[in-house]
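Colleague: In the numbering used here, the protein residues as written are 5 to 134.
Encoded as structure tokens, here's the structure I'll be asking about.
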Ligand SMILES: [Zn+2]
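Printed below as a string of structure tokens:
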């Protein structure tokens with residue numbers, strides 16, 4: 005069983021210049037984002053690996069990790085991060101996820117087998133109805 009803190013998006017360096025917070029409004033109606041949720045959920049269920057999608061205004065990239073670690077380079081064009089929490093009982097965003105959202109001022113989404121949660125840039129955590 006993994007611990008909550010094993011979700012180490014925290015390895016992300018906080019090097020960017022902070023701009024105004026990114027809204028999650030409209031994000032979930034994007035076709036590529038909907039597809040990413042389905043893809044990440046399917047990969048998670050099948051391989052039990054952690055997968056993330058880095059969302060930009062004009063597209064997204066996937067990164068994957070193992071042992072609960074996903075490393076990626078921060079770039080200012082990233083407007084949201086979606087990642088998986090494969091393990092039952094750890095569906096909610098971790099404290100690391102909250103720090104990522106508030107630190108980078110972007111919405112951070114957590115995808116589990118049956119749930120979708122978001123941490124908004126102001127630190128509020130909410131389950132999203134898909
Ligand atoms: Zn997480």
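Just so it is clear, CB atoms sit at the ideal spot from N, CA and C, and this is done for glycine as well.
In this text the structure is predicted, and so the values were computed from the model without any measurement.
Compare the beta carbon distance of residue 40 and residue 76 with 9 Å and say whether it is the shorter of the two.
Modeller: no
Colleague: Between the Cα of residue 68 and the Cα atoms of 45, 126, 36, which residue gives the shortest distance?
Modeller: Of the candidates 45, 126, 36, the one whose C-alpha sits nearest the C-alpha of residue 68 is 45.
Colleague: Three-state secondary structure (DSSP) at residue 115?
Modeller: strand
Colleague: Once the 5 residues before and after residue 132 are set aside, which same chain residues still bring their CB inside 8 Å of it?
Modeller: 32, 113, 120, 121, 122
Colleague: In chain order, what residues of the same chain lie with their CB nearer than 7 Å to the CB of residue 28, ignoring the 5 residues before and after it?
Modeller: 84, 111, 122, 124
Colleague: Determine the contact status of residue 95 and residue 116, defining contact as a CB-CB distance below 9 Å.
Modeller: yes
Colleague: Are the Cβ atoms of residue 61 and residue 81 separated by less than 9 Å?
Modeller: Between residue 61 and residue 81, the C-beta gap is smaller than 9 Å, which places the two residues in contact.
Colleague: For a test of the three-state rule: what should DSSP assign to residue 27, helix, strand or coil?
Modeller: coil
Colleague: Under a three-way DSSP split, which group does residue 107 fall into?
Modeller: helix
Colleague: Spell out the partners DSSP gives residue 63 in its beta bridges.
Modeller: 60
Colleague: So, with DSSP's three-state summary, where would you put residue 5?
Modeller: Unreliable positioning characterises residue 5 in this predicted model, as indicated by a pLDDT of 33, which lies under 50. The coordinate reading is nonetheless provided below. Reduced to three states, the DSSP call for residue 5 is coil.
Colleague: For a test of your reading of the model: does the CB of residue 97 fall under 8 Å from any non-hydrogen atom of ligand 1? Yes or no.
Modeller: yes
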